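Q:
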Ligand SMILES: Nc1ncnc2c1ncn2[C@@H]1O[C@H](COP(=O)(O)OP(=O)(O)OP(=O)(O)O)[C@@H](O)[C@H]1O
Ligand SMILES: [Mg+2]
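Given below as structure tokens:
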């Protein structure tokens, strides 16, 4: 909304699943155009954190402000979701619709675009993710890498200011990972604000402005990539990095 | 299944017909070649209209009520979920006949006491009872169908800005319908069979007509045999339809 407010401002965020304390006093400010990569061991709360940003998970205390909109009621959540796109590990394409229909559904129903406008926009984004020729197919006819690129295009069709990625390449065969990462790097270079949960450290070095390491529901360390990979401060982070960089 | 049932029934009746002593059967009572038999059989077959109309309206209502009960039943808020659960458990526990009596004789009294003066005739009394009784089951059919669609679909719909209603209409129900339609059509068989209870409050459908004719003709064996065959025809037609639907849905799924 305002150029002066940060893209995302999270303060004193807490989240419980019943008695399990999943997020503990999280503070995080993301400026416009910033690219953040979040990593950490399984169960550390990475998904929970980014899912709180567009309220796929409700938080229990603390405040979340997205582009100047404070998350409080259903109306503000709706407004925030209009600014935030999300890409899931499992793609979550709509299997009963064609690729083109997957891309036009949101713009037509939520934004009120005409079919022609929505289709023109959709074809534009399909070009960007380099699969315009698949528009009339059903999701199941595409490879995993293609499906994930469609999912990215589907989000972009809503013209969000912020993109969230939750392990976008973890469900992919190794040979398809780079085609998806390349699309995300393109987006980063165009200045999209993004939060990416991933263990692809090569990608992190290429695209991230800032690295965040989470463990047991807390942000343990946050630093620019050179510093993060060169001289991690905490012991837990050193251990985590040595484990995943071995592969 | 329907084909085997059909042969089993034909075999049963053939055996019954052949094994009985001469004079046991008196088909003259519904022999269409005699004027009296023709009138009788016409009287009986005319019940199809009421039975079918009753069942179709009750099923349509049940499908509507069932959806309205099922949707809040899947809310993440337990206070929204609760009334739906209570409705389903409560309605499922009531036998059809007592509910029919209550709706037909009791409900008008209740309505009158709160100032609504409507009489409920046998036709609508039966429809209301069948629809409500069946709606507990259709609600569960909707619920399991909708819950078979992964949570990721709802989440993706939210992230592209769809409202709850739009998510249901454009994303969830079109996928869930494949799981919902066949059991729903199957449930229609239940309604057709249970519609026979409408006879006890005076609704002139298939069963009532058979009862009335038995009283005047003293030929229960032939008349009730025909009655069973009438239901059999109805139910078999529906089951063939259900099986066709199931095959079609499967074919769509693998497409
Ligand atoms: N719906 C839920 N109900 C109960 N507990 C949950 C739920 N979702 C997540 N959790 C728990 O919260 C913790 C954090 O989960 P989260 O999915 O955020 O971890 P993560 O860092 O994304 O892990 P991964 O790398 O495995 O995806 C985990 O211990 C998980 O078991
Ligand atoms: Mg996760």
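Residue numbers (my numbering), protein chains in the order written: chain A, 548 to 794; chain B, 3 to 257.
Don't be surprised by glycine CBs; every beta carbon is placed ideally from N, CA and C.
Remember, it's a predicted structure, so these values are computed and weren't measured experimentally.
(1) Determine the contact status of residue 746 (chain A) and residue 791 (chain A), defining contact as a CB-CB distance below 8 angstroms.
(2) In the DSSP assignment, the alpha helix (DSSP H) including residue 700 (chain A) goes from what residue to what residue?
(3) Which residue's Cα is closest to the Cα of residue 715 (chain A): A:586, A:625 and A:610?
(4) Just the C-alpha distance for residue 90 (chain B) and residue 66 (chain B), rounded to the nearest angstrom, thanks.
(5) The alpha helix (DSSP H) that contains residue 218 (chain B), what's its start and end?
(6) Does the region 586 to 603 of chain A touch the region 657 to 676 of chain A, meaning 3 or more C-beta pairs lie closer than 8 angstroms?
(7) Could you confirm whether any beta carbon from chain B is found closer than 8 angstroms to the beta carbon of residue 567 (chain A)?
(8) Counting only beta-carbon separations shorter than 8 angstroms, does residue 250 (chain B) have a partner in chain A?
(9) What is the DSSP secondary structure of residue 635 (chain A), reduced to helix, strand or coil?
(10) Touch check for the region 34 to 44 of chain B and the region 195 to 211 of chain B: three-plus C-beta pairs under 8 angstroms?
(11) By the DSSP assignment, the beta strand (DSSP E) with residue 165 (chain B) in it spans what residues?
(12) Would you give the residue range spanned by the alpha helix (DSSP H) that residue 38 (chain B) belongs to?
(13) May I ask you to check if the CB of residue 714 (chain A) is nearer than 7 angstroms to at least one heavy atom of ligand 2?
(14) Determine the direct distance from the alpha carbon of residue 227 (chain B) to that of residue 653 (chain A), and round the result to whole angstroms.
(15) How about the region 127 to 139 of chain B and the region 58 to 77 of chain B: do they share at least three Cβ pairs that are nearer than 8 angstroms?
(16) Identify the continuous beta strand (DSSP E) that holds residue 739 (chain A) and give its terminal residues.
(17) Report yes if the C-beta of residue 593 (chain A) is less than 7 angstroms from at least one heavy atom of ligand 1; otherwise report no.
(18) If you compare alpha carbons, which of A:668, A:793 and A:766 is closest to residue 781 (chain A)?
(19) Determine contact between the region 702 to 721 of chain A and the region 627 to 634 of chain A, defined as no fewer than three beta-carbon pairs at a distance below 8 angstroms.
(20) Assuming the contact rule is C-beta atoms closer than 8 angstroms, residue 754 (chain A) and residue 731 (chain A) should be a hit. Round their C-beta distance to whole Å, please.
(21) Of all the residues that make up the region 176 to 205 of chain B, which are near chain D by a beta-carbon distance shorter than 7 angstroms?
(22) Under the rule that 16 or more other beta-carbon atoms within 10 Å means buried, what is residue 160 (chain B), buried or exposed?
(23) Residue 569 (chain A): beta carbon under 7 angstroms from a heavy atom of ligand 1?
(24) Chain A partners of residue 172 (chain B), CB-CB under 7 angstroms?
(25) Give a yes or no on whether the minimum CB-CB distance between residue 760 (chain A) and chain B is below 8 angstroms.
(26) Below 9 angstroms on C-beta distance, what does residue 719 (chain A) contact in chain B?
(27) Considering only heavy atoms of ligand 2, does any lie closer than 7 angstroms to the CB of residue 584 (chain A)?
(28) Give the range of the beta strand (DSSP E) segment to which residue 712 (chain A) is assigned.
(29) Between the region 152 to 172 of chain B and chain A, which residues of the former have CB atoms less than 7 angstroms from a CB of the latter, in chain order?
(30) What whole-angstrom Cβ distance do residue 761 (chain A) and residue 592 (chain A) have, given they're in contact under 8 angstroms?
(31) Near residue 94 (chain B), which residues of its chain fall below 6 angstroms by C-beta distance, leaving aside the five closest residues on each side in sequence?
(32) Check the C-beta distance from residue 232 (chain B) over to residue 225 (chain B) and give it rounded, since I have them as a contact under 8 angstroms.
(33) Do we get a CB-CB distance below 8 angstroms when we pair residue 797 (chain A) with the residues of chain B?
(34) What residue does the beta strand (DSSP E) around residue 564 (chain A) start on, and which one ends it?
(35) Using DSSP with H/G/I as helix, E/B as strand and the rest coil, what is residue 548 (chain A)?
A: On the basis of the data shown:
(1) yes
(2) 691 to 703
(3) A:586
(4) 14 angstroms
(5) Element bounds for residue 218 (chain B): 208 to 219.
(6) no
(7) Judged by the 8 angstroms Cβ criterion, residue 567 (chain A) is not in contact with chain B.
(8) no
(9) DSSP places residue 635 (chain A) in the coil class of the three-state scheme, outside both helix and strand.
(10) no
(11) No beta strand (DSSP E) contains residue 165 (chain B), which DSSP labels as neither H nor E.
(12) For residue 38 (chain B), the enclosing alpha helix (DSSP H) stretches over residues 37 to 47.
(13) Yes - ligand 2 has a heavy atom lying nearer than 7 angstroms to the Cβ of residue 714 (chain A).
(14) 58 angstroms
(15) yes
(16) Neither: residue 739 (chain A) is in no beta strand (DSSP E) and is coded neither H nor E.
(17) yes
(18) A:766
(19) yes
(20) The Cβ separation is near 7 angstroms, so the contact holds.
(21) Among the protein chains of the structure shown, namely A and B, there is no chain D.
(22) buried
(23) The closest heavy atom of ligand 1 lies less than 7 angstroms from the beta carbon of residue 569 (chain A).
(24) Chain A residues near residue 172 (chain B): 652 and 656.
(25) no
(26) Correct list: empty, because the minimum Cβ distance to chain B is about 16 angstroms.
(27) no
(28) 709 to 713
(29) 154, 155, 157, 158, 160, 161, 162, 163, 164, 168 and 172
(30) 6 angstroms
(31) Excluding the 5 residues flanking it on each side, residue 94 (chain B) has same chain C-beta neighbours closer than 6 angstroms at 138, in chain order.
(32) With a Cβ gap of about 10 angstroms, residue 232 (chain B) and residue 225 (chain B) do not count as contacting.
(33) Because chain A here runs from 548 to 794, residue 797 (chain A) falls outside it and cannot be looked at.
(34) Its beta strand (DSSP E) spans residues 555 to 564.
(35) Here the model assigns residue 548 (chain A) a pLDDT of 49, short of 50, so the residue's position is not dependable, and the following value carries that caveat. In the structure shown, residue 548 (chain A) adopts coil according to DSSP, grouped into three states.
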